[in-house]
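Protein chains: 2
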Amino acid sequence: MPEPESGLRDRLVAVGVDLLAREGTQKISLREIARRAGVSHGAPRRYFPTHQALLAAIAREGYSELGRRIGPLAADDGADPRERLHELGRQYLDFARTHRGMFELMFRHDLLRGNQIGLRQDSLEVFGILVQLVERAAPQRPATVVAGALWAGLHGIAQLGHWGSLQVATHTEDLDPLLRTAIDAHLEN
Amino acid sequence: MPEPESGLRDRLVAVGVDLLAREGTQKISLREIARRAGVSHGAPRRYFPTHQALLAAIAREGYSELGRRIGPLAADDGADPRERLHELGRQYLDFARTHRGMFELMFRHDLLRGNQIGLRQDSLEVFGILVQLVERAAPQRPATVVAGALWAGLHGIAQLGHWGSLQVATHTEDLDPLLRTAIDAHLEN
DNA sequence: GCGTGGTGTAGACAGTGTCTACGCGGTGTG
DNA sequence: CACACCGCGTAGACACTGTCTACACCACGC
Numbered sequence: 031m032p033e034p035e036s037g038l039r040d041r042l043v044a045v046g047v048d049l050l051a052r053e054g055t056q057k058i059s060l061r062e063i064a065r066r067a068g069v070s071h072g073a074p075r076r077y078f079p080t081h082q083a084l085l086a087a088i089a090r091e092g093y094s095e096l097g098r099r100i101g102p103l104a105a106d107d108g109a110d111p112r113e114r115l116h117e118l119g120r121q122y123l124d125f126a127r128t129h130r131g132m133f134e135l136m137f138r139h140d141l142l143r144g145n146q147i148g149l150r151q152d153s154l155e156v157f158g159i160l161v162q163l164v165e166r167a168a169p170q171r172p173a174t175v176v177a178g179a180l181w182a183g184l185h186g187i188a189q190l191g192h193w194g195s196l197q198v199a200t201h202t203e204d205l206d207p208l209l210r211t212a213i214d215a216h217l218e219n
Numbered sequence: 031m032p033e034p035e036s037g038l039r040d041r042l043v044a045v046g047v048d049l050l051a052r053e054g055t056q057k058i059s060l061r062e063i064a065r066r067a068g069v070s071h072g073a074p075r076r077y078f079p080t081h082q083a084l085l086a087a088i089a090r091e092g093y094s095e096l097g098r099r100i101g102p103l104a105a106d107d108g109a110d111p112r113e114r115l116h117e118l119g120r121q122y123l124d125f126a127r128t129h130r131g132m133f134e135l136m137f138r139h140d141l142l143r144g145n146q147i148g149l150r151q152d153s154l155e156v157f158g159i160l161v162q163l164v165e166r167a168a169p170q171r172p173a174t175v176v177a178g179a180l181w182a183g184l185h186g187i188a189q190l191g192h193w194g195s196l197q198v199a200t201h202t203e204d205l206d207p208l209l210r211t212a213i214d215a216h217l218e219n
């Protein structure tokens with residue numbers, strides 16, 4: 031339940047996030063969100079021109095949460111950068127596992143056609159942290175390319191792993207060996 | 031237009047594939063497919079208990095097409111297995127680029143809950159080819175794990191790359207450098 | 001010749017996203 | 001003070017969706 035003291039806009043987003051986490055992707059229809067927020071189905075239109083715009087706003091909350099998780103890992107204390115990357119990967123996979131609906135929503139292609147600016151920029155912020163860590167862990171390699179390939183690997187592990195396709199590779203639910211393999215591969219040379 | 035001499039079942043699938051390629055993901059509703067096949071909206075129900083079942087059948091055509099593309103690469107003539115892997119990667123990315131709707135459909139999570147057997151097995155067939163090539167290219171490493179990580183990387187590049195998120199890493203539409211980085215990383219050591 | 005079953009039609013139903021017209025309560029201005 | 005305005009939300013319509021059910025039609029076997 032969202033706190034009652036806020037504008038309807040924020041309440042709709044909060045209800046959407048909650049509903050998405052609790053009941054899954056197919057429940058977050060415009061009308062259902064409005065219903066749970068206690069308003070009529072036309073009300074959201076004051077703040078979001080379309081259903082997709084509301085979904086995009088909900089997805090941004092996901093990026094924000096993800097950034098909150100892995101942001102601190104960019105801090106430049108003395109910790110081993112490679113271990114940091116491992117931790118980032120674990121956080122990424124854990125987020126995808128515990129927030130499946132949100133994770134799916136965050137990378138829905140159709141959400142971005144109308145919302146090029148917001149969502150893509152949010153994801154770039156996350157990507158920036160990855161680049162920083164790669165720069166420190168493997169200074170001799172082109173950081174952005176390696177970080178890109180690494181992110182792709184991470185994302186693929188999350189996507190395919192929680193789908194069940196990779197169980198034949200790992201013979202277990204645990205994706206950590208794959209994560210380790212991917213990170214080691216990209217940092218080795 | 032599909033050939034007229036076939037059962038309705040096959041025609042529905044063919045129309046769906048065509049419609050998906052031509053007009054995108056949101057156009058392949060049950061009723062629209064039925065309309066384009068020239069039958070009433072209730073007809074598909076004779077062959078597919080639900081809309082998702084029809085979509086799953088359409089997705090299987092995608093796996094079949096993908097297998098047709100990369101299947102020949104498993105042939106054991108004298109070609110360099112690493113170059114073979116490159117070619118496989120290019121085919122994978124090209125397929126994802128030229129069949130975006132289909133690619134998206136093939137990995138939709140909600141399609142698999144009701145169709146655990148079919149779709150997942152199709153994807154495993156593709157995975158098997160990858161494992162064979164990895165075995166030949168890097169015999170000293172655990173093939174299934176490396177192949178899994180590699181597939182994840184490939185898939186992530188396709189997913190994120192065609193989304194635009196990775197343009198900051200490559201500064202171009204060309205995903206080949208990323209592909210090369212990923213393959214080299216996983217085979218090196 | 002007559003049931004019978006496979007095949008497709010057609011209508012109903014609840015639900016969806018979008019659009020439009022309408023209220024209602026406050027704020028400011030003449 | 002009266003009045004117009006305006007932000008905010010309501011309510012109904014519309015076309016569309018997926019699913020369910022009852023109903024024709026037509027070929028086939030008894």
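Just so you know, the sequences run in chain order R and D. Heads up: the first sequence is residues 31 to 219, going by this note's numbering. Heads up: the second sequence is residues 31 to 219, going by this note's numbering. Glycine included, C-beta positions come from ideal geometry on N, C-alpha and C.
{"Check": "Where does residue 201 of chain D sit, in a helix, a strand or coil, going by DSSP?", "Outcome": "coil"}
{"Check": "Report yes or no: do three or more beta-carbon pairs, one from the stretch 189 to 198 of chain D and one from the stretch 118 to 133 of chain D, lie closer than 8 Å?", "Outcome": "yes"}
{"Check": "Give every residue of the same chain whose Cβ lies closer than 7 Å to the Cβ of residue 39 of chain R, excluding the five residues on either side of it in the sequence, and list them in chain order.", "Outcome": "77"}
{"Check": "Which runs of the alpha helix (DSSP H), 4 residues or longer, sit entirely within the stretch 103 to 180 of chain R?", "Outcome": "111 to 128, 130 to 136, 146 to 167"}
{"Check": "On the criterion of 16 or more Cβ atoms from any shown chain inside 10 Å, does residue 72 of chain D qualify as buried, or is it exposed?", "Outcome": "exposed"}
{"Check": "Thinking residue 167 of chain R and residue 207 of chain R are a contact (beta carbons under 8 Å), I'd like their distance in whole angstroms, please.", "Outcome": "That pair is no contact at about 19 Å."}
{"Check": "What residues from chain R crowd round residue 211 of chain D, counting only those whose CB sits closer than 7 Å?", "Outcome": "175, 176, 179"}
{"Check": "Reducing DSSP to helix, strand and coil, say where residue 238 of chain D ends up.", "Outcome": "Any property of residue 238 of chain D remains undetermined from this structure, which presents chain D solely from 31 to 219."}
{"Check": "Could you give the distance in angstroms between the alpha-carbon of residue 159 of chain R and the alpha-carbon of residue 177 of chain R?", "Outcome": "10 Å"}
{"Check": "Which value, in whole angstroms, describes the spacing of the CA atoms of residue 48 of chain D and residue 69 of chain R?", "Outcome": "41 Å"}
{"Check": "Is the CB of residue 162 of chain R under 9 Å away from at least one CB in chain D?", "Outcome": "no"}
{"Check": "Between residue 125 of chain R and chain D, is the shortest Cβ-Cβ distance under 9 Å, so that the two count as touching?", "Outcome": "no"}
{"Check": "Is it true that the CB of residue 184 of chain D sits closer than 9 Å to the CB of residue 212 of chain D?", "Outcome": "yes"}
{"Check": "Let me know the secondary structure DSSP gives residue 207 of chain D once reduced to three states.", "Outcome": "helix"}
{"Check": "Relative to the alpha-carbon of residue 82 of chain R, which residue among R/95, R/99, R/43, R/103 has its alpha-carbon at the smallest distance?", "Outcome": "R/43"}
{"Check": "Can you give the Cα-Cα distance for residue 105 of chain R and residue 165 of chain R, rounded to whole angstroms?", "Outcome": "13 Å"}
{"Check": "Are there any heavy atoms of the ligand FMN lying less than 8 Å away from the beta-carbon of residue 166 of chain R, as far as the coordinates show?", "Outcome": "Ligands are entirely absent from the displayed structure, and the ligand FMN is therefore not among its contents."}
{"Check": "Does residue 195 of chain D come out as helix, strand or coil in the three-state DSSP assignment?", "Outcome": "coil"}
{"Check": "Consult DSSP for residue 218 of chain D and reduce its assignment to one of helix, strand or coil.", "Outcome": "coil"}
{"Check": "Alpha carbons only, please: which of D/152, D/55, D/138 is nearest the one belonging to residue 91 of chain D?", "Outcome": "D/152"}
{"Check": "Residue 134 of chain R: buried (16+ other C-beta within 10 angstroms of its C-beta) or exposed?", "Outcome": "buried"}
{"Check": "State yes or no: is the beta carbon of residue 80 of chain D nearer than 9 Å to at least one beta carbon in chain R?", "Outcome": "no"}
{"Check": "In angstroms, rounded to a whole number, what distance separates the CA positions of residue 217 of chain D and residue 117 of chain D?", "Outcome": "15 Å"}
{"Check": "Work out the CA separation of residue 138 of chain R and residue 79 of chain R for me, nearest whole Å.", "Outcome": "19 Å"}
{"Check": "What residues from the stretch 35 to 65 of chain R come within 8 Å of chain D, judged by C-beta to C-beta, listed N to C?", "Outcome": "55, 56"}
{"Check": "Is residue 94 of chain R helix, strand or coil when you go by DSSP?", "Outcome": "helix"}
{"Check": "With H, G and I counted as helix, E and B as strand and the rest as coil, what does DSSP make of residue 55 of chain R?", "Outcome": "helix"}
{"Check": "Once you ignore the five residues that flank residue 61 of chain D on each side, which residues in its own chain have a CB closer than 8 Å to its CB?", "Outcome": "71"}
{"Check": "Between which two residues does the alpha helix (DSSP H) harbouring residue 64 of chain R extend?", "Outcome": "60 to 66"}
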